[in-house]
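**Student:** Take a look at this one; I'll ask things after.
Protein chains: 2
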Amino acid sequence: MTYCVGLCLEDGLVMLSDTRTNAGVDNISTFSKMFTATAPDERMLCLLSAGNLAITQSAWNRLQEGIAFDGTTHTLFTVPSMFQAARLVGEAIREVYRADGPTLSAQNIGFDVSVLLGGQIAGGPMRLYLVYAAGNFIEATPDNPFLQIGELKYGKPILDRALAFDTSLEDGVKLALISMDSTLRSNLTVGLPLDLLVSRQGTQTIALQRRISDEDPYLRLVRDGWSAALREAWQAMPPPPWMES
Amino acid sequence: MTYCVGLCLEDGLVMLSDTRTNAGVDNISTFSKMFTATAPDERMLCLLSAGNLAITQSAWNRLQEGIAFDGTTHTLFTVPSMFQAARLVGEAIREVYRADGPTLSAQNIGFDVSVLLGGQIAGGPMRLYLVYAAGNFIEATPDNPFLQIGELKYGKPILDRALAFDTSLEDGVKLALISMDSTLRSNLTVGLPLDLLVSRQGTQTIALQRRISDEDPYLRLVRDGWSAALREAWQAMPPPPWMES
């Protein structure tokens, strides 16, 4: 399993993923699920992937080698807009589907892949897309500034309650880490270390890219601090008035 | 969909369920998913059900009419222990499976049902079981004092973090309501009003049974108070040290 979350905020982009892959719970590994394509000041694109590792790696390699697309061969370094980048990622997934889908299907293996694509290309807005296994996609909007893939439910309530388009990048990083921590605690197949990327609006540059391990003092502070804060919060609530004590 | 949670704590039992049923998102209704069988001071049993409403209602009716079991006919009022009550619930589900399973299967409808059974029969311990569609079951223990059925992921992180066997009944009710509220916010097919039941250890009696509506002042306090407390908690955390401001 996997948990990846992307936030497309007024001030910029936050992308966070775990690194655990598993083929059964008795076969777990660490693979980065974060891929970037950057030409500083011109474009900054970041992909997070969930699903079958063979599919996501094949799609990423195809993207690097170039995809036949609109009569020419494109990579994430040549597409002129984020919308075209999302189409390109969808096309890469469809190429894998054409190549591997029939055999996977014959062996009763689902074509399981989804990708978060966030970034900005000079002259255009910052955007965040969720590309599905069919190669189609949706986009985050100010009304719904985050998108998730993989094991999304454990970490969704905090984002539903707390995140808004005008949340600062610093608070966005905090909330993404809290959301991830809830998932790490409840699903063993989502695991540390984490990959974090932050890009500020209008810079087309990576402001921060960091591998966060179990020993990271800030991650520990978030984990322990959040548990303590929740405990204080529910303990401070008055008891239900319907119960005689 | 449905969300039901049961807590089997040192001091007693807390059972909480939503009441929404749906056949597609364009056809939602309110049905209680809580059933009780009580003989005050002698036995107090409470069932919460999730899954196909026709299956759960059929199972409940069969339990009331009596199930052929160990050479005689039993109901929840005649079984001698909670373990036998869980076996009886499992047998009721298997009766429905024998009656309806083949036709459901022929029409490609899954046999989707699960039941939380909590309670106490005089002379025995308080117990909480989760009965599966196959009629087999697991039991809550002090290490894992809560069980959930239905849409369980949204509401699990708070219970994972905060609930322990020695949590008081009052705090258990609070935490169950917070867990339910996280689910209500994130899944439209889980809906108000709620059904709550509390039974104190050793009493074999219902201490509290309450229908909780959207207008309930305490539910509102929990919902608003929890959102505010979470906001304060993450806002009070220091910003990530890796980010230049």
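Chains S and B, in that order, give the protein sequences. Following UniProt numbering, the numbering of the first sequence begins with 1 at its first residue and continues without gaps. Following UniProt numbering, the numbering of the second sequence begins with 1 at its first residue and continues without gaps. Don't be surprised by glycine CBs; every beta carbon is placed ideally from N, CA and C. All figures in this text were calculated on a predicted structure; none of them were measured in a lab.
#1: Pick out whichever of S:M1, S:I93, S:L128 has its Cα sitting closest to the Cα of N22 (chain S).
#2: At what residue ranges does the region 6–37 of chain S contain a whole run of the beta strand (DSSP E), taking only runs of 3 or more?
#3: Since A106 (chain B) is in the alpha helix (DSSP H), which residue starts that stretch and which ends it?
#4: In terms of alpha-carbon separation, which member of B:A134, B:D18, B:D41, B:V131 lies closest to I206 (chain B)?
#5: Enumerate in chain order the residues of its own chain whose CB-to-CB distance from D214 (chain S) is below 6 Å, with the five nearest sequence positions on each side excluded.
#6: For the region 168–211 of chain S, which segments carrying the beta strand (DSSP E) assignment without a break, of at least 3 residues, lie completely within its bounds, in sequence order?
#7: Smallest Cα separation from P125 (chain S): which of S:C8, S:P102, S:W234, S:D160?
#8: Under the rule that 16 or more other beta-carbon atoms within 10 Å means buried, what is G24 (chain S), buried or exposed?
#9: Does DSSP put L76 (chain B) in a helix, in a strand, or in coil?
#10: So, is the C-beta of R20 (chain B) closer than 8 Å to a C-beta in chain S?
#11: Distance, Cα to Cα, S199 (chain B) vs G118 (chain S)?
#12: Would you mind telling me which residues of chain B sit closer than 7 Å to D160 (chain S), beta carbon to beta carbon, in chain order?
#13: Would K156 (chain B) pass as an interface residue toward chain S - the criterion being a Cβ-Cβ separation below 8 Å?
#14: Cβ closer than 7 Å: which chain S residues qualify as neighbours of S114 (chain B)?
#15: Taking buried to mean at least 16 other C-beta atoms within 10 Å of its own C-beta, is S182 (chain B) buried or exposed?
#16: Taking only beta-carbon atoms, is R98 (chain B) less than 8 Å away from chain S?
#17: So which residues of chain B does E215 (chain S) contact, with C-beta pairs closer than 7 Å?
#18: Counting along the chain, where does the beta strand (DSSP E) carrying I109 (chain B) start and finish?
#19: Output the distance between the C-alpha atoms of S32 (chain S) and R210 (chain S), rounded to the nearest integer angstrom.
#20: Where does the unbroken alpha helix (DSSP H) through A68 (chain B) begin, and where does it stop?
#21: Quick check on the burial criterion: 16 or more other C-beta atoms within 10 angstroms. Buried or exposed for N52 (chain B)?
#22: F6 (chain B) to T72 (chain S), Cα distance in whole Å?
#23: Name the chain S residues that come within less than 9 Å of A59 (chain B), Cβ to Cβ?
#24: Once the 5 residues before and after G135 (chain B) are set aside, which same chain residues still bring their CB inside 6 Å of it?
#25: Does any residue of chain B have a CB that is nearer than 8 Å to the CB of K33 (chain S)?
#26: So for E139 (chain B), helix, strand or coil by DSSP?
#27: Quick one, which residues of the region 168–199 of chain S are near chain B if we go by CB-CB under 9 Å, in chain order?
#28: Cβ closer than 8 Å: which chain S residues qualify as neighbours of residue 259 (chain B)?
#29: Whose C-alpha, out of B:E10, B:D18, B:G12, is nearest the C-alpha of D187 (chain B)?
**Tutor:** A quick look at the data gives this:
#1: It is S:M1 whose Cα lies nearest to the Cα of N22 (chain S).
#2: Listed in chain order, they are 12–17, 20–22, 28–30.
#3: 82–106 is the span of the alpha helix (DSSP H), which, as asked, contains A106 (chain B).
#4: Minimum Cα-Cα distance from I206 (chain B) among the listed residues B:A134, B:D18, B:D41, B:V131 corresponds to B:D41.
#5: Correct list, in chain order: L192.
#6: Secondary structure in the region 168–211 of chain S: the beta strand (DSSP E) runs of 3 residues or longer, each lying completely within the stretch, are 194–200 in chain order.
#7: Considering only alpha carbons, the answer is S:C8.
#8: With fewer than 16 other Cβ atoms within 10 Å, it is exposed.
#9: Three-state result, L76 (chain B): coil.
#10: The C-beta of R20 (chain B) comes no closer than 8 Å to any C-beta of chain S.
#11: Going from the Cα of S199 (chain B) to the Cα of G118 (chain S) covers about 51 Å.
#12: Within chain B, the residues near D160 (chain S) are R185, S186.
#13: Answer yes: the Cβ-Cβ gap between K156 (chain B) and chain S drops below 8 Å somewhere.
#14: Neighbours of S114 (chain B) on chain S: none; closest Cβ ~18 Å, over 7 Å.
#15: Buried, by the Cβ-count rule.
#16: Taking 8 Å as the CB threshold, R98 (chain B) stays off the interface with chain S.
#17: Ordered by position in chain B, no residue passes the 7 Å Cβ test against E215 (chain S), which lies about 14 Å from the chain.
#18: Taken as a continuous stretch (DSSP letters only), I109 (chain B) belongs to no beta strand (DSSP E), as it is neither H nor E.
#19: Looking at the two C-alpha atoms, the distance is approximately 12 Å.
#20: No alpha helix (DSSP H) holds A68 (chain B); the beta strand (DSSP E) holding it covers 67–69.
#21: Residue burial annotation: N52 (chain B) is buried, with at least 16 other C-beta atoms found within 10 angstroms of its C-beta.
#22: Residue identity differs from the one stated: residue 6 (chain B) is Gly in this sequence, not Phe. A direct Cα-to-Cα measurement between G6 (chain B) and T72 (chain S) gives close to 59 Å.
#23: None at all; the shortest Cβ gap to chain S is about 27 Å.
#24: So the list reads G90, I93, R94, once near-sequence residues are dropped.
#25: Not a single C-beta of chain B is nearer than 8 Å to the C-beta of K33 (chain S).
#26: Strand.
#27: So the close ones are S168, L169, E170, D171, V173, K174, L175, L177, I178, D181, S182, T183, R185, S186, N187, L196, V198.
#28: Given that chain B is displayed from residue 1 to residue 245, the structure contains no residue 259 (chain B) and the question cannot be resolved.
#29: Asp is not the amino acid found at residue 187 (chain B); the sequence shown has Asn there. Per the Cα distances, B:D18.
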